[in-house]
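Protein chains in written order, with UniProt numbering: chain A, 1 to 436; chain R, 1 to 436; chain H, 1 to 436; chain L, 1 to 436.
All C-beta atoms in this analysis are idealised placements derived from N, C-alpha and C, irrespective of residue type, glycine included.
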């Protein structure tokens with residue numbers, strides 16, 4: 001975890017203290033259920049809660065014990081007995097450390113996903129506001145980086161809005177995938193622990209029951225989870241790349257906020273760089289890097305091995321914390337980035353009217369020119385414009401093939417931006433509903 | 001695509017002929033809608049269907065044209081006009097090649113996913129049958145590759161069944177992700193094509209309408225799709241690895257079918273190797289290898305670039321065809337693999353009764369021995385068994401700490417397999433419902 | 001393997017016929033060595049060569065046999081005996097199929113790498129020619145996509161030249177990694193085959209001897225190999241991305257060749273898109289996708305398992321064929337792409353002289369202005385230029401802080417392109433040597 | 001970075017304090033060179049060293065400044081001026097922050113690689129010692145997890161030794177790839193900094209000069225670096241997987257050290273699990289996860305963008321620290337793991353002599369039995385052994401085809417372990433030289 005890309009709220013989920021608190025809760029809720037079933041004394045369960053509920057667990061002490069036992073959960077339980085007293089011996093009855101670890105991981109990932117969902121909501125809100133603001137701000141649409149035809153800047157943002165709505169659904173589904181509880185004991189047979197204990201802990205921790213856990217919660221769930229995060233990160237990369245492109249010196253249709261006191265370069269005082277979105281591009285790569293190891297974690301040996309553990313100690317906090325940071329940073333950029341309609345207009349005209357080439361071609365085909373001939377005529381005139389020899393409309397008017405089919409007035413009518421924005425409303429309604 | 005790992009049904013989806021047929025259908029359905037809207041003559045649309053419906057498209061001829069135009073869809077349309085005649089000029093009006101390519105890709109991926117869903121159903125059916133067959137076949141459960149406690153072989157398979165049910169849901173969701181249609185014209189503005197054309201084509205091709213396509217269908221959908229395939233492949237790897245482990249010479253609790261005439265090794269005539277599941281392990285790696293490039297495809301520049309195209313020409317067929325093959329191969333293995341209950345019983349006894357160690361420890365704690373002391377006593381006796389000095393029960397009876405708390409008869413009662421299988425029914429009901 | 005991205009020379013290396021020819025050669029050379037050692041009759045070895053040297057192996061027949069044996073090398077040997085006659089029984093004595101398969105794979109990868117090295121040479125030659133041609137063609141250098149300071153276009157290309165020299169070294173090293181021969185028999189002990197046989201086959205096939213093969217050639221070699229290809233592909237991506245950027249409509253400092261008859265878009269006749277370099281970007285992703293599975297292939301079980309096989313049937317041909325294609329395509333683009341010095345000059349001036357900001361700042365610090373004050377003064381004037389209020393030099397002259405330290409003439413002298421190109425020669429000598 | 005998998009020596013390389021110290025040295029060495037060239041006063045360079053050489057840099061203060069400037073190197077330089085005084089204005093003349101950052105990263109990666117090389121040396125030493133110790137300890141060789149033929153345990157370890165020798169060469173090459181220095185100023189033109197400054201700093205920091213840096217050191221170098229680490233990690237995974245297999249309950253030919261006080265499971269006191277090598281398996285996945293993002297970092301835009309930065313803040317420390325930890329842990333395991341020759345002997349006999357099947361087949365072919373018939377005869381008898389019906393030698397003696405060709409005595413001679421170990425010496429000499 002890179003601390004400069006971590007919000008405290010997100011990092012806190014993965015602190016030792018949070019982890020031990022969740023471990024305690026799982027064990028104590030399990031004790032309640034066991035007491036209810038008569039497996040352990042009710043008084044024991046009560047004492048455990050009483051003494052442990054607000055305890056501050058001593059990480060150093062736990063680490064010290066672990067250096068001997070080489071087992072983290074046993075070390076924790078030993079420390080709990082130091083604080084809770086002899087009743088602690090009723091904890092963990094029939095349970096195995098995976099019951100605690102995996103259920104805790106589910107709780108942590110669930111909480112982390114709630115933050116991610118909040119982050120996506122911020123991105124969505126910002127996208128919507130700016131999309132509506134620029135619903136009819138005309139700019140050029142580009143394919144292959146080359147001017148294609150006019151669109152509106154709002155339309156561009158609406159597309160991203162739709163993509164982040166999908167991101168939201170993917171995160172919700174990802175949370176659903178991993179929010180399960182396993183208290184099934186060694187190799188998952190419930191030999192020494194009643195299935196009703198699992199149900200109780202699941203209810204208390206806000207999780208579903210894992211139908212079959214083989215001591216561990218199956219890792220296909222986690223693979224699906226981190227894959228979903230990777231897809232969301234890739235969507236962030238797309239939007240970040242868009243802004244980086246728009247801020248290029250020659251384009252400059254949009255620009256990240258540049259604050260007073262900020263310096264763009266140690267060497268060149270004139271620089272204003274899209275560093276936030278470049279950073280998001282890098283963070284996307286980092287979040288994506290968890291996907292493959294999470295998939296490699298699936299094929300654990302038999303009922304479980306522990307090779308997944310070190311991987312998850314890394315990717316669990318790293319991916320969620322960095323994605324949380326990235327979503328917030330992205331929301332901030334979208335909320336505040338400068339949009340330059342004048343430059344959009346200037347750029348739109350840069351190709352001397354070529355962005356209307358399709359409409360001219362189609363108009364020709366409606367005048368009984370074959371598609372091939374229409375294409376050739378339009379392409380021929382377009383190439384003159386590419387060579388910088390003049391403007392498109394002038395060439396068309398002077399072209400015998402074209403002018404035979406279309407009058408000057410008809411040609412001029414084809415160079416009409418309104419033609420290209422007439423369905424913006426239809427698309428906005430698809431994305432934002434009737435409110436748009 | 002590796003032809004030895006391709007079923008003809010799956011490969012056919014990706015043939016040139018299938019592709020051209022789908023392209024034609026998209027164009028012809030669009031023509032119908034345009035005719036209905038009065039954009040092109042009704043007669044043209046009819047003629048197009050009449051002449052093109054059963055046409056066999058000439059790939060060589062199309063390739064020949066493409067060598068000049070360097071554009072595949074234009075080459076196809078030119079060829080269509082050679083077959084359909086002059087009415088072909090009414091095709092593709094206001095559309096762009098992405099409309100055709102992306103919608104076709106959605107159709108192909110949808111059909112491929114239907115095969116994958118069939119494959120998963122076969123795996124599920126085989127798993128269920130074998131799970132019920134061996135519901136109470138006791139074997140050892142292993143964690144870390146080390147004997148842990150008894151389970152049943154049916155329980156093992158039930159866990160995989162649950163995992164492949166999730167695989168099925170993931171594939172269904174993956175299909176939902178990519179089954180969209182875009183006929184929105186250049187840069188997605190519907191400037192030259194009516195949105196109702198898109199709706200019509202979507203209906204006819206069995207797809208949903210893409211809310212905002214920026215000329216292309218957004219690639220976050222495909223990233224999610226290939227990620228889902230990667231997760232399913234990882235589940236295959238887990239089951240394949242399980243069988244490879246079980247077939248190890250020292251374990252031999254299960255074995256892949258070995259057919260008459262089959263040879264395990266060119267050098268060693270005695271060999272019987274788990275080559276099918278080893279092959280599945282490798283195929284899983286291949287299918288997974290599509291996940292990252294699919295994610296790298298998301299951040300296309302502006303309204304689209306074409307960098308995704310070569311990637312998808314690879315991973316589209318390869319991932320779906322190989323996963324289809326893998327699922328069928330896996331179903332065949334599960335259906336037919338040999339299960340050796342006698343060896344399971346022999347292995348289970350291998351540790352001289354150590355697999356009951358937890359129950360002994362818990363019994364001690366119920367006789368007022370502290371958890372730490374109980375653990376130490378049991379561990380101490382277990383280590384003697386590890387050293388090959390005798391059987392666990394004998395050591396326990398002879399141990400003063402243990403025998404003080406538990407009589408010989410009580411100890412003997414603890415070595416009971418039924419204790420470990422008592423909740424198998426509960427778990428089976430979770431997985432298979434009441435029928436189990 | 002995607003056939004549209006495959007050159008016949010590269011694809012031929014991976015044909016069945018080539019494979020069977022190499023298999024035969026390995027077996028026949030081994031037979032020679034065994035005959036020399038007196039293990040088999042000399043006449044047998046001679047007959048084998050005589051009848052097999054120019055044989056055309058019947059793939060269909062081999063496949064037919066494999067359907068029974070489920071073992072490809074046994075199927076091949078059976079077919080060889082059909083052609084060579086009874087002497088074929090002296091083939092493969094003490095060998096195992098991996099001896100044949102792995103050594104053949106080494107030969108195929110070696111040959112494929114030779115093509116890759118040729119491809120890199122073409123790229124290098126093209127880069128060098130264009131770099132020298134534009135050694136002093138001034139253009140703007142960009143960091144973060146934002147204008148920074150002047151460079152020359154030749155310098156840009158020289159950097160890529162240096163990178164592809166490294167690519168060449170990496171490929172040479174990659175070939176060295178995988179060009180080893182193993183003829184060590186079952187589990188690699190040479191129990192049934194003399195180590196001198198291995199040495200002979202290695203010499204004949206142009207390979208080194210693998211010091212320890214555990215029946216298979218260790219797969220860390222192949223992991224290193226495919227990783228090297230992934231790095232080379234990433235370098236291709238960088239150069240392709242550069243050209244895509246330079247061709248953007250607003251930049252247009254360079255442009256891919258656009259041939260007569262070529263069509264950029266089915267819808268928009270004016271389009272000229274950088275489709276070759278976009279394609280290279282996608283191919284880079286494909287080639288890179290082999291890296292992780294090749295690494296996952298390393299941890300084979302014990303002396304070998306066969307999970308790597310299906311992976312290598314895919315990535316072996318795919319990665320080498322597509323990378324070969326990509327290198328040739330790249331060389332063609334570099335050889336022929338249009339470079340527009342006029343647009344470079346125009347763009348360079350776009351920021352009104354801001355590209356000289358550092359030099360002004362440094363000049364101020366040499367006149368006893370502190371670095372912080374100099375930065376602030378230059379940045380302040382630069383921001384006015386960003387806001388489109390005028391040209392940089394004019395603002396500087398009018399600034400009291402600046403003008404107190406530097407006269408107008410001194411300031412004007414700072415706006416000198418020659419200052420920025422004075423070390424181009426030094427760098428060219430580093431890259432191209434004295435000839436540059 | 002996961003602190004439980006970090007040695008202090010490795011983590012220290014990546015501390016803020018180390019980073020600032022290196023930054024200072026780069027700047028101060030550059031100042032020396034500039035003073036020598038007369039660009040800045042000699043006294044300034046001397047004062048800078050005097051006041052800064054032993055300074056403790058205040059991270060909090062630097063962070064505080066960065067919150068305003070949003071630029072880490074400027075923040076550092078501002079802090080330096082607070083400590084060094086006005087002479088600090090002569091620092092960083094004509095340099096850009098990438099000169100400092102990239103050169104520092106090269107120094108850090110070089111130092112980290114030195115630790116990795118030390119770690120590999122420890123692994124090699126342990127492997128060699130144990131290999132020589134068990135040079136002739138016979139055990140079964142396995143392919144596909146199935147018994148194949150006898151090998152020796154020393155041979156197994158010798159193979160790993162050869163692999164880690166390759167790992168060492170790869171790390172040495174990886175260090176060579178990234179150990180370069182760039183002090184070339186904005187966009188790499190040396191406009192404001194003399195190339196001799198770069199040479200001086202390179203010499204002082206133990207680096208080579210980067211021939212062409214485009215402001216940044218080209219990232220193909222880093223991609224190659226992290227790929228090399230990924231390959232080494234994969235070799236670790238292979239050896240770790242071997243030990244995990246050998247420790248399986250049914251195999252138990254080797255076992256990780258299990259220390260007094262250690263507990264294998266919170267639930268099952270009898271457990272002794274291969275947790276160290278399972279952990280290494282997971283760490284290998286983590287280290288490998290850096291490979292793809294490092295490759296995605298290559299295609300920076302134009303002369304540089306900063307998307308690589310966040311990625312490298314993660315993978316730089318994480319990969320090197322975790323790989324360092326893994327190598328040390330692995331060396332410890334190899335040094336101390338238990339090897340059980342008795343179990344090896346027991347397992348070797350498990351298949352009732354089938355491991356000699358090849359030799360019998362070959363002997364038959366030397367008695368004029370065709371390869372196909374010999375194979376069939378041997379396979380037929382082997383299958384009886386598989387079915388548990390008796391021992392291989394007995395069946396062979398009773399087989400009419402076999403006994404016609406080979407006498408009982410001849411057959412018995414074929415069951416000879418010495419036959420399989422006769423070339424161990426040859427292989428050891430290849431690996432360890434004459435000393436073996």
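Asked, Found
"Does any residue of chain H bring its CB to less than 9 Å from the CB of residue 265/A?", "yes"
"Which runs of the beta strand (DSSP E), 3 residues or longer, sit entirely within the region 141 to 221 of chain L?", "146 to 152"
"What residues from the region 272 to 303 of chain R come within 8 Å of chain H, judged by C-beta to C-beta, listed N to C?", "273, 275, 278, 279, 281, 282, 283, 285, 286, 288, 289, 290, 292, 293, 296, 297 and 301"
"Please check the pair residue 471/A and residue 180/A, which I expect to be a contact at CB under 8 Å, by giving their CB distance rounded to whole angstroms.", "Nothing can be reported for residue 471/A: it is not among the residues displayed for chain A, which extend from 1 to 436."
"From what residue to what residue does the alpha helix (DSSP H) around residue 295/R run?", "291 to 296"
"Measuring CA to CA, which of 243/L, 168/L, 94/L and 61/L is closest to residue 20/L?", "61/L"
"Is there a C-beta anywhere in chain A that falls below 9 Å from the one on residue 41/R?", "no"
"The alpha helix (DSSP H) spanning residue 137/A covers which residue range?", "Here residue 137/A belongs to no alpha helix (DSSP H), and DSSP marks it neither H nor E."
"Residue 277/A and residue 333/A look like a contact to me (Cβ under 8 Å); what is the Cβ gap, rounded to whole Å?", "6 Å"
"Under 8 Å: does the beta carbon of residue 241/H sit that close to some heavy atom of the ligand MG?", "The ligand MG is absent from the structure shown, which contains no ligands of any kind."
"Assign residue 299/A to one of three DSSP states: helix, strand, or coil.", "coil"
"To the nearest angstrom, report how far apart residue 125/R and residue 236/R are at their CA atoms.", "15 Å"
"Starting from residue 313/L, find everything on chain A with Cβ-Cβ shorter than 7 Å and list it in chain order.", "2"
"Can you give me the start and stop residues for the alpha helix (DSSP H) that residue 277/H sits inside?", "275 to 288"
"Quick test of your reading: residue 250/A and residue 350/H, contact by CB under 8 Å. State the CB separation rounded to the nearest angstrom.", "7 Å"
"So, helix, strand or coil for residue 6/H, using DSSP?", "coil"
"Cβ closer than 8 Å: which chain R residues qualify as neighbours of residue 69/H?", "261, 262 and 263"
"What do you get for residue 440/R, buried or exposed, if any count of 16 or more other CB atoms within 10 angstroms of its CB means buried?", "The first residue shown for chain R is 1 and the last is 436, placing residue 440/R beyond what the model contains."
"Thinking just about the alpha-carbon of each residue, which of 340/R, 205/R, 119/R and 220/R is nearest to the one in residue 257/R?", "340/R"
"Pull the bridge partners of residue 339/L from the DSSP assignment, please.", "254/L"
"Express the C-alpha separation of residue 271/H and residue 71/R in angstroms, rounding to a whole number.", "12 Å"
"Put residue 391/A into one of helix, strand or coil per three-state DSSP.", "coil"
"Do you know offhand how far residue 335/A's Cα is from residue 420/A's?", "27 Å"
"With a threshold of 9 Å between beta carbons, is residue 220/R in contact with chain H?", "no"
"Are the Cβ atoms of residue 73/A and residue 101/A separated by less than 9 Å?", "yes"
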